[in-house]
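Have a look at the structure below before the remarks.
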Amino acid sequence: RGRSGLSMNAKQWYQRRVHGESLAQQAQSTSEGSPIKMSDNETVAAAPAKRGRRPGQTSKRKAKESYNIYIYKVLKQVYPEMGMSKKAMSIMNSFVQDTFERLAAEAGKLCKMNNKHTMDARAVQTSVRLVFPGELAKHAVSEGTKAVTKFNSSRA
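Residue numbers (this note's numbering): 1418 to 1573.
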């Protein structure tokens, strides 16, 4: 587009840089709200107040939920000296999320079939037996039972 395609702020900046005005003077004159003289025959109104965050204001980002910290903790329990790349962590996170969704969907179907409104440990255990194959299901059920027992004993 060339120089004519630039926005007014960029034109103003360019003109000021050419004429040797410092950045501090630029900021001061644009904040005053007085018209800016571009050349001998053209005058442009000052830019409106800046948009965006105020000084000192922090942005609120919605935290993305992931299983990364839990995957990392388990990795360190099994292999304390080993690390994991970002790509591998992303793959593991997707795997855990997919497995969770499958188990939750199956447990939800079981609750619906039994006309129950609350998903309990028994529904989850049955869904684990249905979703996971053979030996993996047995180990998962025993680990789940152990976790529920530990949770119940810490509550009492």
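The C-beta atom is built at its ideal place from N, Cα and C for all residues, glycine as well.
{"Query": "Locate the alpha helix (DSSP H) running through residue 1556, then write down its first and last residues.", "Result": "1551-1572"}
{"Query": "Which residue wins for smallest C-alpha separation from residue 1544, given the options 1532, 1558, 1510 and 1506?", "Result": "1558"}
{"Query": "List the whole-angstrom C-beta distance separating residue 1488 from residue 1509, where the pair is believed to meet the contact cut-off of C-beta under 8 Å.", "Result": "5 Å"}
{"Query": "Pairing CB atoms from the stretch 1469-1485 with CB atoms from the stretch 1500-1515, are three or more of them under 8 Å?", "Result": "yes"}
{"Query": "In the DSSP assignment, find the alpha helix (DSSP H) that holds residue 1525 and state where it starts and stops.", "Result": "1503-1530"}
{"Query": "Residue 1480: buried (16+ other C-beta within 10 angstroms of its C-beta) or exposed?", "Result": "exposed"}
{"Query": "Report the option in 1566, 1490 and 1572 whose CA atom is closest to the CA atom of residue 1538.", "Result": "1566"}
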